[in-house]
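Q:
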Amino acid sequence: MHFDHLQSTDPEVTSALEGEVKRQNDTLAMIASENHVSEAVLEAQGSALTNKYAEGYPDERYYGGCEFADDVEQLAIDRAEELYGAEHINVQPHSGSQANMGVYLAVLDPGDKILSLDLTHGGHLSHGHPANFAGQVYEVDQYEVDPESGRIDYDELRTHAEEYDPDIVVSGYSAYPRTVDWEGIQAAADVADAYHLADIAHITGLVAAGTHPSPVGIADFVTGSTHKTIRAGRGGIIMCDEEHADDIDNAVFPGMQGGPLMHNIAGKAVGFGEALEPGFEEYAEQTVANAKAMGDRLQEHGLDLVSGGTDNHLVLIDLRPSHPDTTGKDVEQSLEEAGIVLNANTVPGETRSAFNPSGIRAGTPGLTTRGFDEDACREVADLIYEVVDAPHDEDVVAEVSDRVDELTDEFALYDDEGLVYE
Ligand code: DSN
């Protein structure tokens with residue numbers, strides 16, 4: 000990847016950007032929310048549309064000169080409609096969190112009640128954590144996964160909703176390895192006559208490909224981010240029925256944002272177009288098959304997976320049963336030294352702090368993009384296990400690092416010409 004103009008004007012930033020390209024090439028990106036977008040998406044995001052103000056929506060802008068911004072935004076909307084089948088789509092949220100904010104703003108008043116999954120059980124900050132605006136503006140009660148199965152207990156959730164009487168029930172998660180039963184969540188929303196917001200940020204690509212069931216047509220609102228499994232670059236998206244279209248559009252603009260990031264919306268249009276290509280379904284299926292292969296191998300090594308496995312793109316390892324004295328941070332740091340980049344994560348029933356929790360979360364979207372199959376993912380599981388078992392053994396970390404080098408060479412992401420995977 001070349002930065003010809005930047006190199007001559009700003010060598011310091013160039014050096015950081017080149018460092019990042021090399022870092023991504025030479026390490027295994029296993030943070031479950033990350034992926035590698037195509038060069039076509041990168042070009043769209045780096046385009047002249049970054050210069051354009053386009054407050055409003057296609058054909059209803061407040062400024063002139065928006066004809067190409069209109070084209071791009073309409074393409075993003077049309078392609079998203081084709082992927083997800085929603086009646087109305089807003090592609091302007093700057094992120095998944097802002098997509099959630101847009102929904103709250105559209106249908107809740109300050110002080111209204113949210114029922115959502117606890118962060119330590121796999122939820123997200125924007126679902127109502129006290130440190131987040133959602134936890135400060137609204138009243139929040141949280142559900143948890145079943146301590147035995149590690150899964151959502153839909154009957155229990157329905158009872159919880161009946162008692163708490165929320166205005167909105169939030170589903171869709173950041174660290175939940177199992178298929179979500181959207182109808183089960185909807186039943187809980189129905190007993191309370193509440194809205195249902197399904198946040199599919201992590202699984203936007205899996206839902207688009209049909210690898211995970213879709214909440215579209217079940218939940219009132221479906222939100223997501225566009226840079227994770229869908230590989231369409233940074234940003235957010237909101238989907239809903241026509242009856243809520245105006246409320247959502249007004250909540251996003253002028254409600255909470257000014258000018259849309261048109262260059263990012265161009266990235267979304269390109270990424271959604273790529274997801275409509277036949278190969279994308281295969282990518283999504285391979286992502287899930289890879290996570291399953293990795294999870295099975297980690298269990299063969301004696302590691303404990305929350306819920307006993309995975310149906311999607313991530314595994315959540317609870318270190319306490321097999322390695323009670325090892326923390327997620329210990330493992331995260333040693334794995335990063337070895338070139339495997341994932342994150343320490345809280346686990347259900349967490350007994351440590353969020354800064355040094357008892358688990359690690361590992362995802363396969365990025366590895367699958369660069370060509371990893373089940374065999375290669377089993378090998379990665381072996382490497383993760385070796386470091387989990389001896390996080391402070393420098394020889395083990397060095398040996399794993401050598402094997403990561405071999406894998407990153409075999410499944411190269413970038414060469415001198417640019418991205419290899421296309
Ligand atoms: N930070 C993302 C994640 O890692 O799940 C969600 O916003």
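So in numbering that gives the first Met the number 0 the end of the sequence shown lands on 421, straight run, no missing numbers.
In this text, a Cβ means the ideal position worked out from N, Cα and C, and glycines have one as well.
For N89, report the span of its beta strand (DSSP E) as first-last.
A: 87 to 89 is the extent of the beta strand (DSSP E) around N89.
Q: Taking three-plus beta-carbon pairs below 8 Å as touching, is the region 108 to 120 in contact with the region 290 to 303?
A: Verdict: no, contact absent.
Q: Pick out whichever of D414, D404, N311, K267 has its Cα sitting closest to the Cα of E284.
A: The residue with the shortest Cα to Cα distance from E284 is N311.
Q: Decide if the region 340 to 359 is in contact with the region 367 to 376; the criterion is three or more beta carbon pairs, one per stretch, under 8 Å apart.
A: Contact fails: fewer than three Cβ-Cβ distances are below 8 Å.
Q: Scan the region 305 to 366 and note each continuous alpha helix (DSSP H) run of 4 residues or more that stays entirely inside, going in chain order.
A: DSSP runs (the alpha helix (DSSP H)) wholly in the region 305 to 366: 327 to 337.
Q: Is A290 helix, strand or coil when you go by DSSP?
A: Note: A290 maps to helix in three-state DSSP.
Q: If you run the structure through DSSP and keep just helix, strand and coil, what is E138?
A: Three-state result, E138: strand.
Q: Less than 8 Å between the C-beta atoms of A174 and Y153, yes or no?
A: No, the Cβ-Cβ distance between A174 and Y153 is not below 8 Å.
Q: From Y56 to D246, what distance separates their C-alpha atoms?
A: For Y56 and D246, the distance between alpha carbons rounds to 14 Å.
Q: Can you find at least 3 beta carbon pairs, one from the region 390 to 409 and one from the region 1 to 20, that sit closer than 8 Å?
A: No, because fewer than three Cβ pairs between the region 390 to 409 and the region 1 to 20 fall closer than 8 Å, the two stretches do not touch.
Q: Mind checking F354: buried by the 16 CB within 10 Å criterion, or exposed?
A: F354 comes out exposed.
Q: Rounding to the nearest angstrom, what Cα-Cα distance links G278 and G272 in this structure?
A: Each residue's Cα considered, the two are about 12 Å apart.
Q: Can you tell which of V139, S94, F132 has the C-alpha that lies nearest to the C-alpha of L116?
A: Among V139, S94, F132, the Cα nearest to that of L116 is on V139.
Q: Here's the rule: buried if 16 or more other CB atoms are within 10 angstroms of the residue's CB, otherwise exposed. What is N24?
A: By the 10 Å Cβ count, N24 comes out buried.
Q: Within 8 Å, do at least three Cβ pairs link the region 78 to 94 to the region 156 to 166?
A: No, the region 156 to 166 does not touch the region 78 to 94.
Q: What separation, rounded to the nearest whole angstrom, lies between the Cα atoms of G209 and E280?
A: Going from the Cα of G209 to the Cα of E280 covers about 8 Å.
Q: According to DSSP, H195 sits in a beta bridge with which residue or residues?
A: Bridge partners of H195: V168.
Q: Looking at the secondary structure, which residues open and close the beta strand (DSSP E) in which I236 lies?
A: Looking at the DSSP string, the run of the beta strand (DSSP E) that includes I236 is 235 to 239.
Q: Which first and last residues belong to the beta strand (DSSP E) in which G223 is found?
A: Note, G223: beta strand (DSSP E), 220 to 224.
Q: Within a Cβ cutoff of 6 Å, which residues of the same chain sit near T119, ignoring the five residues on either side of it in sequence?
A: Result list for T119: T345, E349, in chain order.
Q: Among Y103, M29, E42, which one has its Cα closest to the Cα of F220?
A: Nearest option by C-alpha distance: Y103.
Q: If contacts are defined as beta-carbon pairs under 8 Å, then L382 and V403 qualify, I think. What distance do you get, rounded to the angstrom?
A: About 7 Å; that satisfies the 8 Å criterion.
Q: Could you please go through the chain and list the residues whose beta-carbon is closer than 5 Å to any non-hydrogen atom of ligand 1?
A: For ligand 1, the selected residues are S32, S173.
Q: Could you have a look at E59 and say whether DSSP puts it in helix, strand or coil?
A: Note: E59 maps to strand in three-state DSSP.
Q: Cα separation between G270 and M238?
A: Their Cα atoms are separated by approximately 17 Å.
Q: Using a Cβ-Cβ cutoff of less than 6 Å, which residues in the same chain neighbour D240 once the five nearest sequence positions on both sides are dropped?
A: These residues qualify, in order along the chain: E86.
Q: Please state whether the Cβ-Cβ distance between V330 and L315 is less than 8 Å.
A: Not closer than 8 Å, so no.
Q: Classify E72 as buried or exposed, calling it buried when 16 or more other Cβ atoms lie within 10 Å of its own Cβ.
A: Label assigned to E72: buried.
Q: Confirm, please, whether the CB-CB distance from R377 to M293 is below 8 Å.
A: Result yes, Cβ atoms of M293 and R377 sit closer than 8 Å.
Q: Can you tell me which residues form a DSSP beta bridge with Y413?
A: L418.
Q: Counting only the same chain and skipping the five closest in sequence on each side, list residues whose C-beta sits under 7 Å from that of L341.
A: Here the set comprises M29, I30, E331, L334, I359, R360, A361.
Q: Tell me the rounded alpha-carbon separation between T225 and A200.
A: For T225 and A200, the distance between alpha carbons rounds to 7 Å.
Q: State the beta-bridge partners of L114 as determined by DSSP.
A: Note: L114 sits in a beta bridge opposite D140, V168.
Q: Could you please give the first and the last residue of the uninterrupted alpha helix (DSSP H) stretch that includes V386?
A: First-last of the alpha helix (DSSP H) with V386: 373 to 388.
Q: Please classify A231: does DSSP put it in a helix, a strand, or coil?
A: Coil at A231, not helix or strand.
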